[in-house]
Amino acid sequence: MRKKYICILVAVIGVCSLSGCGSSAKKTEEEQVTIGVVTKSKSSEYWLSVCDGMKDAAEKYHADVVILSPDSETEEEVQKNMIRDLLKTDIQAMAVSPIDSYECEDYLNFAREKGISVYACDTPIEDSEIPYIGIDNEKLGYELGEQLAKALNHKGKIGVIAGDFKQAGHRMRVAGFEKYMEKEPGITIEMVRNGYSNMRVSQKDVDEILVKYPDLNGIMTTSAVTALGLSEATEGREISIVSVDAQEDALKAVQDGRIVALGAQSGYQIGYETIRYIVKDLEGEGTGEDEILDSQVLTEENIDTYMKDDGHSHP
Numbered sequence: 021m022r023k024k025y026i027c028i029l030v031a032v033i034g035v036c037s038l039s040g041c042g043s044s045a046k047k048t049e050e051e052q053v054t055i056g057v058v059t060k061s062k063s064s065e066y067w068l069s070v071c072d073g074m075k076d077a078a079e080k081y082h083a084d085v086v087i088l089s090p091d092s093e094t095e096e097e098v099q100k101n102m103i104r105d106l107l108k109t110d111i112q113a114m115a116v117s118p119i120d121s122y123e124c125e126d127y128l129n130f131a132r133e134k135g136i137s138v139y140a141c142d143t144p145i146e147d148s149e150i151p152y153i154g155i156d157n158e159k160l161g162y163e164l165g166e167q168l169a170k171a172l173n174h175k176g177k178i179g180v181i182a183g184d185f186k187q188a189g190h191r192m193r194v195a196g197f198e199k200y201m202e203k204e205p206g207i208t209i210e211m212v213r214n215g216y217s218n219m220r221v222s223q224k225d226v227d228e229i230l231v232k233y234p235d236l237n238g239i240m241t242t243s244a245v246t247a248l249g250l251s252e253a254t255e256g257r258e259i260s261i262v263s264v265d266a267q268e269d270a271l272k273a274v275q276d277g278r279i280v281a282l283g284a285q286s287g288y289q290i291g292y293e294t295i296r297y298i299v300k301d302l303e304g305e306g307t308g309e310d311e312i313l314d315s316q317v318l319t320e321e322n323i324d325t326y327m328k329d330d331g332h333s334h335p
């Protein structure tokens with residue numbers, strides 16, 4: 021049974037933290053590193069699992085971790101205020117999952133002035149040298165395109181419903197998906213919509229899409245939350261769906277055939293590896309390079325094996 025997910029939203033920064041302190045800790049309190057984290061959201065299983073991984077890594081590597089999260093991935097200014105506020109506290113490093121990958125210079129400059137190292141978790145910070153810990157999103161998008169083409173027998177009309185393209189991860193997934201589809205002359209991409217960052221698609225939006233594009237055979241989404249809402253809204257129609265994020269409800273949807281392929285991005289692993297990477301880097305053992313984590317595409321052919329052997333394994 022998974023541990024309870026832990027994610028913190030605090031008004032007074034520094035009051036709450038995930039800590040690896042204890043009588044058995046190898047480091048003294050003076051040596052303890054404090055890492056600030058600002059995620060995109062606290063409203064989905066994926067982000068809760070990221071926090072869970074960070075908590076376990078904090079215990080393993082004897083770090084204090086303070087996590088702040090906006091209510092949703094649409095709250096860009098709220099996130100930036102959290103980042104700036106956290107940078108004013110006594111932290112040695114910060115991990116950010118940016119809601120906007122392209123407008124980060126303000127808080128990056130502030131971090132440099134404070135001597136605080138910054139790392140990108142889950143989503144890259146573009147046009148910077150900030151190390152990124154996460155999956156190869158373009159590669160995963162390409163592989164999802166391959167699986168959707170296979171499910172459609174290499175012919176049909178498809179659409180894309182993506183997260184906000186201000187988030188580099190969503191943009192890269194779509195870029196990889198479109199790159200693969202260049203190899204499929206029998207498949208046409210009829211529409212691309214973005215702005216659904218970790219958001220369910222409403223029945224109204226789905227109805228609007230299907231009125232405008234009544235012949236869609238398949239849809240790619242860039243997050244599982246979107247895919248799950250889409251699968252409910254299109255129930256009874258023969259529309260194949262592919263998506264990303266290895267969260268429990270999405271894995272079950274693959275088993276049930278409601279999602280034909282799922283990119284297994286583990287939030288737990290991303291959270292865990294982010295804290296491990298930062299601690300090692302601060303100890304002088306880092307490489308300064310991006311850490312690209314493994315991902316795989318799950319289908320009805322391998323989902324049961326994944327769930328049994330890999331889906332719940334932690335570092």
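Just add 20 to wherever you are in the sequence shown, counting from 1, and you've got the working numbering.
Virtual Cβ for every residue (Gly too), placed ideally from N, Cα, C.
In this text the structure is predicted, and so the values were computed from the model without any measurement.
Going by CA-CA distance only, name the one from the options that's closest to residue i.
i    : options                   : result
I323 : V280, L106 and G56        : V280
A253 : Q275, I229 and V264       : I229
K328 : Q275, T307, E309 and G179 : Q275
S260 : A188, L164 and Q187       : L164
A171 : E204, Q187, M74 and D156  : E204
E95  : D184, D314 and T294       : D184
A273 : R257, L250, H190 and S286 : L250
C141 : E202, K80 and G56         : G56
V245 : S263, K199, H82 and Y127  : S263
K62  : V98, D84, H82 and A78     : V98
D197 : Y162, G206 and V231       : Reading off the sequence, residue 197 comes out as Phe, not Asp. Closest option to F197, Cα to Cα, is Y162.
S168 : I207, G135 and T307       : First, the residue type needs correcting, since residue 168 is Leu and not Ser in the sequence shown. When only C-alpha atoms are compared, the closest one is I207.
Y81  : P90, N101, D235 and Q52   : Q52
S121 : A78, R191, G135 and E202  : R191
C71  : E202, V194, G215 and I295 : I295
R193 : D227, E202, S286 and I155 : I155
K186 : G256, E146, G283 and K75  : E146
S64  : F130, P118 and L248       : L248
V58  : M102, M74 and K300        : M102
Which whole-angstrom value is the C-beta distance of residue i and residue j, which I expect to be below 8 Å?
i    : j    : result
I181 : I239 : 6 Å
I153 : Y297 : 5 Å
A188 : T143 : 6 Å
S69  : Y233 : The pair is not a contact, with the Cβ atoms about 33 Å apart (cut-off 8 Å).
How many angstroms separate the CA atom of residue i from the CA atom of residue j?
i    : j    : result
E50  : T109 : For E50, the pLDDT reaches just 49, beneath the cut-off of 50, and the residue's location in the model is therefore unreliable, leaving the point undetermined.
Y292 : V221 : 30 Å
I209 : T319 : 22 Å
I178 : L160 : 18 Å
D225 : V212 : 13 Å
S137 : Q112 : 7 Å
K60  : N157 : 17 Å
S92  : K175 : 36 Å
Y66  : D105 : 25 Å
Y127 : V116 : 11 Å
A78  : V317 : 29 Å
E305 : K100 : 29 Å
G308 : R132 : 16 Å
S148 : E166 : 31 Å
L107 : Y139 : 13 Å
T325 : C124 : 40 Å
I want to see whether chain C comes within less than 8 Å of residue i, judged by CB atoms only; does it?
i    : result
A247 : Given the protein chain composition of this structure (a single chain), no chain C is represented.
What residue range is occupied by the uninterrupted beta strand (DSSP E) comprising residue i?
i    : result
K186 : First-last for K186: undefined, no H or E at that position.
N214 : I207 to N214
E311 : E311 to L313
L236 : Taken as a continuous stretch (DSSP letters only), L236 belongs to no beta strand (DSSP E), as it is neither H nor E.
A113 : A113 to V116
G56  : V53 to V58
I261 : S260 to V264
Y139 : S137 to C141
Taking the alpha helix (DSSP H) that residue i falls in, what are its first and last residues?
i    : result
T8   : The requested residue 8 is not part of the displayed model; the chain covers only 21 to 335.
D16  : No information on residue 16 is available, as it lies outside the stretch 21 to 335 that the chain covers here.
V254 : Residue identity differs from the one stated: residue 254 is Thr in this sequence, not Val. Per DSSP, T254 belongs to no alpha helix (DSSP H) and is neither H nor E.
M74  : E65 to K80
G154 : Per DSSP, G154 belongs to no alpha helix (DSSP H); it is in the beta strand (DSSP E), Y152 to I155.
I145 : That residue, I145, is in no alpha helix (DSSP H); it is neither H nor E in DSSP.
A131 : E125 to K134
L106 : E96 to L107
A273 : E268 to D276
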